[in-house]
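Student: First to last, the sequence lines map onto chains A and B. Its first residue numbered 1, the first sequence is counted upward by one per residue in this note's numbering. Its first residue numbered 1001, the second sequence is counted upward by one per residue in this note's numbering. Quick one: this structure, given as structure tokens, is what I'll be asking you about.
Protein chains: 2
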Amino acid sequence: MSKKEALTRAAGELLWERGYTGTSPAMILERAGAGQGSMYHHFSGKAELAVTAMAQMSDQLRSRTEEALAGDGSAVARINAFLDLERDPLAGCRMGRLVQDFEVVADDDLRATTADFFTWLGERLSAVLAEGVRAGEFRPGTDPDAMASLIMATVQGGYVLARAHQDPAAFRRAVDGAKQVVAGLVAGSGKG
Amino acid sequence: MSKKEALTRAAGELLWERGYTGTSPAMILERAGAGQGSMYHHFSGKAELAVTAMAQMSDQLRSRTEEALAGDGSAVARINAFLDLERDPLAGCRMGRLVQDFEVVADDDLRATTADFFTWLGERLSAVLAEGVRAGEFRPGTDPDAMASLIMATVQGGYVLARAHQDPAAFRRAVDGAKQVVAGLVAGSGKG
DNA sequence: GTCTATAGTAGGATAGAC
DNA sequence: GTCTATCCTACTATAGAC
């Protein structure tokens, strides 16, 4: 692994663990086993390295998400597969947690990475829900955009509650609520 | 206003704007118009001042929330009043955003303030929902705890999405989704 | 490309005068 | 109670050798 790769990986780990403001170049260098020179040779500084690391994490999250959403099962099954993806509630979402960081939002390059991720995720969830509506799986009148937004928010909020309580079960409760809502949208479920 | 009050207020503002890690004692002192001596006379340091400021913010949030939830209207109306409380989506939740901060979670005194707030909020929402079920307002089988968790998560997640997109409308979409879900729980709504 | 040395600024807390 | 002066460490970046 090149020093550049080691730096990107180490930065990603620390951003997830400690956020952007809470991560210093020195921490990254130590974890990557690199010196100052390597970092400032490959990147203009902390911000550019963070953008690279965040882009890499975003790609990984998209891959994992797409695996769940692209199956050939029903729309409900695919949404539930997304909701059931393995996550670390106490660690938080790699994208969602960073966007709470003042310096991330203040730097448009940093923030744009998270915005692009959530734009993509919302569109994918909405597309799957729309397929379900077209196929008659969900009752007519189901709003794919609104439900996609609700699902994303529930996952992100679940992380917040889990961290507050330091209890992964708080995340599960929120996600279970979302699953109940999706189930209630199914045509002939007795709820619509 | 005493220096102690000024410090507590300034700390609260900065914690909301910049988070815990991103706020320095020097910033607080400048905004409060106080010197180092005042801060270290009244508080043991940054952490203790932050606990005091967070407790004050938590109290204010509880008061505002209770106003919405304690009305004599229907359960649906009170839940909607909570969801429609005036908020600043781009700023984030005073409690929810802080809990994403590494140092906040690492310090049990800091984290406990947020945990207590969400415990209280979950119990209040669940109680209102349970009243609605008992009154026959919501269809039988409605799970007050699960719905309370879903509602809290939606609001918290709405903040995350709004900050990512730098667009308050993202918050509104998530909350509107929650309102649709609550409306769907109403007995005789054609969905249950 | 990668290293160490160096530098200037800011973070967080203490000391002691008033 | 409040102030300023001081201290030590960490943060972020640059310089220059190899």
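For each residue, glycine too, the CB sits at the ideal point set by N, CA and C.
Less than 6 Å between C-beta atoms, sequence neighbours within five positions excluded: which residues of the same chain meet that for B/Ala1021?
Tutor: Before going on, a small fix: residue 1021 of chain B reads as Thr here, not Ala. Around B/Thr1021: Asp1101 and Glu1103.
Student: Should A/Arg87 be flagged as near chain B, meaning a C-beta pair shorter than 8 Å?
Tutor: It does not: the Cβ of A/Arg87 has no partner Cβ on chain B nearer than 8 Å.
Student: Under a three-way DSSP split, which group does A/Phe138 fall into?
Tutor: If DSSP states are grouped into helix, strand and coil, A/Phe138 belongs with the strands.
Student: For B/Ala1164 and A/Ser2, I'd like the C-alpha separation in whole angstroms.
Tutor: Using only the alpha carbons, I get a separation of about 31 Å.
Student: Cβ atoms of A/Arg94 and A/Met57: under 8 Å apart, would you say?
Tutor: Closer than 8 Å, so yes.
Student: Please confirm whether B/Gln1036 has its beta-carbon closer than 8 Å to some beta-carbon of chain A.
Tutor: It does not: the Cβ of B/Gln1036 has no partner Cβ on chain A nearer than 8 Å.
Student: Report all residues from its chain with a CB closer than 7 Å to the CB of B/Ala1010; omit the five preceding and five following residues, and keep chain order.
Tutor: Excluding sequence neighbours, B/Ala1010 sits near Ile1028, Arg1031 and Ala1032.
Student: Could you check which residue in B/Ser1074, B/Met1147 and B/Glu1131 has the C-alpha nearest to that of A/Arg173?
Tutor: Out of B/Ser1074, B/Met1147 and B/Glu1131, B/Met1147 has the C-alpha closest to the C-alpha of A/Arg173.
Student: Would you grab the beta carbon distance between B/Ser1126 and B/Asp1107 for me? Rounded to a whole angstrom, and I think it's under 8 Å.
Tutor: In fact, because the Cβ distance is near 28 Å, the residues do not count as touching under 8 Å.
Student: How long is the line joining the alpha carbons of A/Asp143 and B/Glu1005, rounded to whole angstroms?
Tutor: Distance between the alpha carbons of A/Asp143 and B/Glu1005 is about 48 Å.
Student: If we call anything under 8 Å between Cβ atoms a contact, is B/Gly1092 one with A/Thr154?
Tutor: No, they are not a contact pair.
Student: Does the Cβ-Cβ distance between B/Gly1177 and A/Ser149 come in under 8 Å?
Tutor: Yes; because the gap between Cβ atoms is below 8 Å, this pair is in contact.
Student: Can you name the start and end residues of the alpha helix (DSSP H) that B/Glu1030 belongs to?
Tutor: Pro1025 to Ala1032 is the span of the alpha helix (DSSP H), which, as asked, contains B/Glu1030.
Student: Which residues, in chain order, does the stretch 1154 to 1166 of chain B contribute to contact with chain A at a C-beta distance below 9 Å?
Tutor: Residues passing the 9 Å Cβ filter: Thr1154, Val1155, Gln1156, Gly1157, Gly1158, Tyr1159, Val1160, Leu1161, Arg1163, Ala1164, His1165 and Gln1166.
Student: Within 8 Å of any Cβ in chain B, is that where the Cβ of A/Ser149 sits?
Tutor: Yes, its Cβ sits closer than 8 Å to a Cβ of chain B.
Student: Among A/Gly141, A/Ala187, A/Asp167 and A/Ile151, which one has its Cα closest to the Cα of A/Ala81?
Tutor: For A/Ala81, the nearest C-alpha among the options comes from A/Ile151.
Student: So the candidates are A/Glu17, A/Val182, A/Val181 and A/His41; which of them puts its Cα closest to the Cα of A/Asp88?
Tutor: It is A/Glu17.
Student: Give, in chain order, every residue of the stretch 129 to 143 of chain A whose Cβ lies closer than 8 Å to some Cβ of chain B.
Tutor: Within the stretch 129 to 143 of chain A, the qualifying residues are Asp143.
Student: Can the beta-carbon of B/Leu1098 be found less than 8 Å from the beta-carbon of B/Met1054?
Tutor: Their beta carbons are under 8 Å apart, which means B/Leu1098 touches B/Met1054 by this criterion.
Student: Measure the alpha-carbon distance for B/Phe1171 versus A/Ala130 and round it to whole angstroms.
Tutor: Roughly 21 Å separates the two Cα atoms.
Student: Among the residues of its own chain, which have a CB less than 8 Å from the CB of A/Gln166, if the five just before and after it don't count?
Tutor: Once the five neighbours on either side are set aside, the close Cβ partners of A/Gln166 are Leu90.
Student: First and last residue of the alpha helix (DSSP H) that includes A/Val76?
Tutor: First-last of the alpha helix (DSSP H) with A/Val76: Ala75 to Leu83.
Student: Below 8 Å on the Cβ atoms is my contact criterion, and I expect B/Leu1061 with B/Phe1117 to pass it. Report the Cβ-Cβ distance as a whole number of Å.
Tutor: At roughly 7 Å, the Cβ-Cβ gap stays under 8 Å, so B/Leu1061 and B/Phe1117 are in contact.
Student: Kindly indicate which residue of A/Leu15, A/Glu86, A/Gly71 and A/Arg78 has the alpha-carbon position closest to the one of A/Thr52.
Tutor: Out of A/Leu15, A/Glu86, A/Gly71 and A/Arg78, A/Leu15 has the C-alpha closest to the C-alpha of A/Thr52.
Student: Using the Cβ count rule (16 or more neighbours within 10 Å means buried), how would you classify A/Ala70?
Tutor: Flag for A/Ala70 reads exposed.
Student: Check whether the Cβ of A/Thr21 lies closer than 8 Å to any Cβ atom in chain B.
Tutor: Judged by the 8 Å Cβ criterion, A/Thr21 is in contact with chain B.
Student: Check whether chain A comes within 8 Å of B/Gln1100, counting only Cβ atoms and requiring the distance to be less than that.
Tutor: Closer than 8 Å: yes.
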